[in-house]
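Asks: Protein chains in written order, with the numbering used here: chain A, 1 to 583; chain B, 1 to 651.
Got a structure for you, written out below as structure tokens; questions coming shortly.
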């Protein structure tokens with residue numbers, strides 16, 4: 001995991017290395033301050049020497065300014081390093097997601113990817129900043145302070161040797177006990193959010209079935225669990241501050257007792273042993289040492305907590321795209337012929353049944369092929385094999401006479417245009433949206449494909465015509481209009497193969513027929529594959545594939561199928577009988 | 001037609017302002033009062049907490065003061081003595097030890113009490129929020145985005161928790177410390193205290209300046225984050241399209257711009273925040289040096305020191321103590337200023353949570369209830385406890401105190417109904433519908449014609465503006481809402497399944513249904529087949545609203561769910577839109593069985609679904625423009641005919 005993350009440091013390296021350097025300098029100065037303060041008291045105030053007071057005062061101020069300089073610079077470099085690191089992480093993640101194949105995308109829900117790119121990266125960033133600043137500062141302070149304390153008085157500093165392990169053990173115990181409970185709490189929180197989300201989304205169902213009370217009970221149970229878990233976790237963490245205080249107080253009392261005797265023995269004369277100034281600085285070192293220990297434990301907790309986020313980030317980065325350019329990297333697609341040779345496919349290796357089962361199929365360039373079949377008969381899966389959205393589990397798919405795995409993916413997909421069932425328009429003008437198909441297309445070309453897709457009429461009816469701004473998700477056009485825009489966008493690619501996956505379902509039958517006629521007349525050489533639920537959308541195709549449970553059960557033109565295929569006849573009759581009777 | 005989502009939301013009337021429009025540092029008295037009221041049941045504990053904090057603070061301040069006493073009273077007098085007597089010192093140390101122990105114990109005690117109190121308050125608020133949310137009218141959910149409602153439970157509740165469990169004890173602790181330290185300082189030297197006060201003003205001024213800068217960039221960071229979130233959300237949702245069109249490079253480039261923007265703002269915001277601590281530290285040391293110089297000057301020149309209780313010469317010990325105290329004075333001030341931010345956020349969160357709690361619940365003045373009934377000896381309906389399958393409306397009449405029973409039949413009449421989501425804008429005009437028990441009534445029309453709205457009036461999600469709706473001859477305003485809805489079954493286009501097993505989901509509307517009843521219903525809806533293919537069959541746990549199932553499968557489950565509830569009236573709102581025609585034809589038999597003997601309201605895009613209805617209503621802009629059977633409407637060659645022959649597009 002660390003290895004993957006380290007790769008993203010890149011231009012953050014310099015500030016990331018500078019930060020601990022500055023932090024070390026800052027801590028060193030801060031630790032040397034108490035001894036100067038001791039001198040100020042011993043040589044200045046105790047003996048009533050104002051010159052010494054001023055001398056050490058100036059030294060102190062210089063030290064303070066130094067600490068400020070290094071501290072502030074470290075603060076800046078740490079922030080610089082961590083924000084760059086986060087930027088690199090996001091850029092890498094996003095770039096990597098762009099390389100994902102469809103099956104990679106299936107694995108992550110969009111919502112989870114958004115969270116990973118934002119919240120999780122932010123947590124990792126904060127941890128990174130902590131690492132560069134405090135992870136170095138705390139141990140440095142601990143060691144420096146200890147060394148200075150040792151220099152001040154060897155015997156008294158042994159007190160720390162006893163207290164440090166005590167505090168360390170207590171803190172470790174607290175973390176060890178509280179952490180698993182916190183983890184459970186987070187899971188319970190997820191459950192709580194799920195109940196709320198389900199109820200917000202399904203409020204109509206809840207109210208219609210009059211299940212408010214049982215849902216409230218469900219919520220109360222989760223809420224109760226969070227209450228008891230969280231209380232338990234916080235009660236454990238509550239030992240933190242007292243443990244710290246006990247350590248500090250124990251040091252103070254021990255230092256006071258032993259220190260007092262040492263000072264009296266030395267006659268409070270510098271060089272003879274401990275002085276009052278030394279005693280004061282020992283008190284300061286106590287705070288510095290124990291605070292650093294506390295910081296270390298806090299860092300540990302924060303880091304462990306952000307580990308979950310780091311894991312989720314790394315998961316995105318380490319997800320291997322399973323579809324890559326073929327070795328032969330063919331960039332030329334000869335024609336629109338398609339052949340399936342004994343193709344089987346399953347979405348998950350462990351799935352019991354095949355989504356596609358031993359498909360053999362030959363489609364000639366320029367043909368129009370209709371595909372119909374029930375829900376779950378794998379219509380979309382079948383066509384997804386052609387632009388290599390998924391790789392076959394068995395067998396091979398040939399496009400233009402070559403195995404799809406041998407093509408450069410971009411070349412393949414530019415020649416195989418597929419209008420997806422769940423299609424999306426992006427925020428931007430109609431021009432911008434259609435030009436996804438070809439960035440350099442002229443206005444005329446865009447308008448031409450829109451006419452082909454029977455979209456020109458309604459576009460012209462908009463006040464801004466082709467400059468009409470499409471809202472995110474295409475919410476300001478109707479379903480039928482959206483589908484036609486998506487078809488136009490695909491047509492602009494001038495593909496050799498055009499696949500429409502249930503892409504005219506919201507378009508009325510008349511327009512649907514007009515679109516198909518336009519295809520026939522305007523792009524006769526393009527192979528057209530049309531998946532539809534409406535039998536009228538496919539019955540005039542050259543050939544129709546009837547799919548059932550991932551198998552081709554019938555293949556032929558309308559007349560043949562009507563005569564021989566029971567399923568086809570059933571579908572055809574069920575959809576057309578009424579209309580014919582009435583006409 | 002599966003991916004056409006009808007957007008039924010009326011315009012937002014009282015939506016929450018977008019995030020970022022937050023007003024910082026607004027402390028509304030009412031909100032504070034109300035939050036305190038939640039803590040009232042814990043008053044004894046809170047008093048204890050306060051006392052404990054006091055003890056803790058006294059212990060910690062004494063530890064600073066002790067240094068002075070130690071040097072002045074126990075060390076200096078003994079320096080040079082031949083046989084120093086440590087008895088006094090030992091006694092003092094024992095006293096301090098006891099105080100310290102009390103302090104540490106109190107700290108443990110109050111943290112543990114506060115954990116229980118804060119979580120208890122939070123649980124109470126959460127539970128109240130959810131219960132209240134369940135009682136809100138549908139209109140509330142229409143006018144608030146789901147994300148907004150969710151954030152009450154997440155962001156706002158989190159902010160409150162942060163404040164309750166950390167900020168409040170911290171602020172109390174710091175507050176007492178500041179007061180205690182200040183008093184101690186005054187007791188040592190007024191001159192030095194004055195110096196501290198002057199310096200404090202400087203520290204606060206600089207802190208405010210930097211915090212302001214940081215805040216400015218923090219807002220900018222929030223802004224870029226929101227911008228980036230929006231972009232990622234749109235692009236990731238369309239990732240398949242990006243892949244299809246090989247637009248990966250463009251996507252990366254656009255993302256890069258926003259990414260750099262966010263990076264810059266984050267960097268500046270954090271940098272200012274990071275610099276704050278070193279600056280505070282530095283100023284703390286400055287104060288130390290200045291105090292040492294002033295104190296030294298005072299002591300050496302034996303300038304009379306004015307303390308709270310006495311005028312004397314500043315002792316060495318006092319200076320030491322004072323210096324130590326000054327260190328513990330700047331710390332809490334920094335802490336309080338850090339907590340202020342989170343308190344402000346919590347108050348804003350509390351205000352939003354309270355606004356949810358203050359929303360008007362669904363009003364229900366109904367008094368007619370649905371009861372189990374059986375036929376008495378003379379055919380009269382008699383109320384009974386057991387489940388008889390025969391239901392009756394129990395109608396108490398306030399005029400003469402009598403009670404009448406009407407059999408639940410499923411007769412629904414809409415008489416000249418007008419309705420508008422907002423009073424100024426009527427969306428349904430003069431709707432007349434007569435549905436006899438067992439009849440199938442279909443609604444056909446374009447998006448926004450008012451089809452779903454009509455069904456929402458029947459189950460009283462909304463109240464009509466004018467006209468009357470009668471159910472078995474009873475005005476539905478008189479019927480208790482729960483009972484009215486229990487007598488209506490709905491299957492909606494957007495299926496909502498709940499986390500739990502398939503069986504739990506089927507049983508949703510009738511918790512006491514047996515497994516056999518559920519399986520029978522699943523068979524009826526033709527869902528049995530695929531359910532058995534799930535890993536654990538009927539015991540398969542569905543998560544994320546049944547995300548593992550196809551839309552069609554989810555619709556089949558929701559049909560079965562309605563069948564289990566077995567209501568006399570059914571509303572099917574695009575119930576089969578995601579099921580392909582062939583499967584629909586198979587389900588049709590089940591649907592027919594389901595509809596048999598029930599009054600059914602059907603909304604469908606696919607005209608083949610509604611063809612066999614007893615009466616079809618063609619709606620346009622909130623008015624019924626045609627009504628009649630399929631044959632009649634076809635013969636009339638009106639709008640329905642045009643739709644049916646495909647000459648007109650519905651969307």
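Virtual Cβ for every residue (Gly too), placed ideally from N, Cα, C.
Just so it is clear, the structure is predicted and the values come from calculations on it, not from any experiment.
Is any beta-carbon of chain B found at less than 7 Å from that of residue 241(A)?
Replies: yes
Asks: Less than 7 Å separating the beta-carbons of residue 137(A) and residue 117(A)?
Replies: No, Cβ-Cβ distance for residue 137(A) and residue 117(A) is not below 7 Å.
Asks: Say yes only if the C-beta of residue 167(A) is nearer than 6 Å to one or more non-hydrogen atoms of the ligand PLP, and no if none qualify.
Replies: Absence of the ligand PLP from the depicted structure is noted, as is the absence of any ligand whatsoever, leaving it without description.
Asks: Under 7 Å, Cβ to Cβ, is there at least one residue of chain B near residue 169(A)?
Replies: no
Asks: Report yes if the C-beta distance between residue 557(B) and residue 593(B) is below 7 Å; otherwise report no.
Replies: Between residue 557(B) and residue 593(B), the C-beta gap is not smaller than 7 Å, which leaves the two residues out of contact.
Asks: Under the three-state reduction of DSSP, which class applies to residue 512(B): helix, strand or coil?
Replies: coil
Asks: Got a sec? Which residues, its chain only, sit under 6 Å from residue 462(A) by beta carbon, not counting five neighbours each side?
Replies: Cβ neighbours of residue 462(A) beyond the five flanking positions: 468.
Asks: Rounded to whole angstroms, what is the Cα-Cα separation between residue 173(B) and residue 55(B)?
Replies: 10 Å
Asks: Check whether the stretch 400-415 of chain A and the stretch 442-458 of chain A are in contact - that is, three or more C-beta pairs closer than 8 Å.
Replies: no
Asks: Would you check if there are 3 or more beta carbon pairs closer than 8 Å linking the stretch 100-115 of chain A to the stretch 318-329 of chain A?
Replies: yes
Asks: Let me check understanding here. Comparing Cα to Cα, which of 516(B), 100(B), 411(B) and 266(B) lies closest to residue 216(B)?
Replies: 266(B)
Asks: Excluding five sequence neighbours on each side, which residues of the same chain lie with their C-beta closer than 7 Å to the C-beta of residue 291(B)?
Replies: 192, 195, 322, 323 and 326
Asks: Counting along the chain, where does the alpha helix (DSSP H) carrying residue 444(B) start and finish?
Replies: That residue, residue 444(B), is in no alpha helix (DSSP H); its beta strand (DSSP E) goes 440-445.
Asks: How close, in whole Å, do the beta carbons of residue 192(A) and residue 223(A) come, if the pair is a contact with beta carbons under 8 Å?
Replies: Rounded to the nearest angstrom, the Cβ distance from residue 192(A) to residue 223(A) is 7 Å, consistent with a contact under 8 Å.
Asks: Just to confirm the assignment: which complete alpha helix (DSSP H) runs, minimum length 4, are found wholly within the stretch 143-212 of chain B?
Replies: Given a length threshold of 4 residues, each whole run of the alpha helix (DSSP H) inside the stretch 143-212 of chain B is given here in chain order: 146-151, 157-162 and 168-188.
Asks: What does DSSP give as the partner residues of residue 429(B) in its beta bridges?
Replies: Note: residue 429(B) sits in no beta bridge, so no partner.
Asks: State the DSSP-derived secondary structure class of residue 477(B), mapped to helix, strand or coil.
Replies: helix
Asks: Would you call the stretch 230-237 of chain A and the stretch 507-527 of chain B touching, i.e. three or more CB-CB distances under 8 Å?
Replies: When Cβ pairs closer than 8 Å are counted between the two stretches, the stretch 230-237 of chain A is seen not to touch the stretch 507-527 of chain B, the count staying below three.
Asks: Which whole-angstrom value describes the C-beta separation of residue 260(A) and residue 74(B), a residue pair presumed to lie in contact below a C-beta threshold of 8 Å?
Replies: Rounded, the Cβ-Cβ distance is 6 Å, consistent with contact.
Asks: Using 10 angstroms around the beta-carbon of residue 155(A), count the other beta-carbons present and answer buried if the total reaches 16, otherwise exposed.
Replies: By the 10 Å Cβ count, residue 155(A) comes out exposed.
Asks: Comparing the C-beta of residue 205(A) with each C-beta of chain B, is any distance below 7 Å?
Replies: It does: the Cβ of residue 205(A) has a partner Cβ on chain B nearer than 7 Å.
Asks: Only counting runs of 3 or more residues, tell me where the beta strand (DSSP E) segments fall wholly within the stretch 2-71 of chain A, in order along the chain.
Replies: Counting only runs of 3 or more, we get nothing.
Asks: Under DSSP, the beta strand (DSSP E) around residue 491(B) begins and ends at which residues?
Replies: Residue 491(B) -> beta strand (DSSP E) spans 488-491.
Asks: Tell me, to the nearest whole angstrom, how far the beta carbon of residue 523(A) is from that of residue 500(A); I am working on the premise that it is less than 8 Å.
Replies: Contact flag wrong, Cβ pair sits at about 12 Å.
Asks: Determine the direct distance from the alpha carbon of residue 411(A) to that of residue 330(A), and round the result to whole angstroms.
Replies: Straight-line spacing of the CA atoms in residue 330(A) and residue 411(A) works out to 8 Å.
Asks: To the nearest angstrom, how far is it from the Cα of residue 168(B) to the Cα of residue 115(B)?
Replies: Residue 168(B) and residue 115(B) have their C-alpha atoms spaced approximately 12 Å apart.
Asks: Check whether the stretch 382-396 of chain B touches the stretch 437-455 of chain B, counting contact only when three or more Cβ pairs, one atom from each stretch, lie closer than 8 Å.
Replies: Segments in contact, no.
Asks: Does the beta carbon of residue 184(A) sit closer than 7 Å to a beta carbon anywhere in chain B?
Replies: no
Asks: Measuring only the C-alpha atoms, how far is residue 335(A) from residue 362(A)?
Replies: 13 Å
Asks: Residue 116(B) touches chain A at which residues, Cβ-Cβ below 7 Å?
Replies: Within chain A, the residues near residue 116(B) are 231.
Asks: Check whether the Cβ atoms of residue 38(A) and residue 266(A) lie closer than 7 Å to each other.
Replies: No, they are not a contact pair.
Asks: What does a CB cutoff of less than 7 Å around residue 374(B) pick up in its chain, not counting 5 residues either side in sequence?
Replies: 382, 384, 388 and 390
Asks: Between the stretch 422-435 of chain A and chain B, which residues of the former have a C-beta closer than 9 Å to a C-beta of the latter?
Replies: Result list: 422, 423, 424, 425, 426 and 427.
Asks: Is residue 244(A) helix, strand or coil by DSSP?
Replies: helix
Asks: Would you tell me roughly how many angstroms separate the C-alpha atoms of residue 288(B) and residue 299(B), rounded to the nearest one?
Replies: 16 Å
Asks: Short of 8 Å in beta carbon distance, which residues of its chain neighbour residue 397(B), apart from the five on each side in sequence? Order them along the chain.
Replies: 403 and 404
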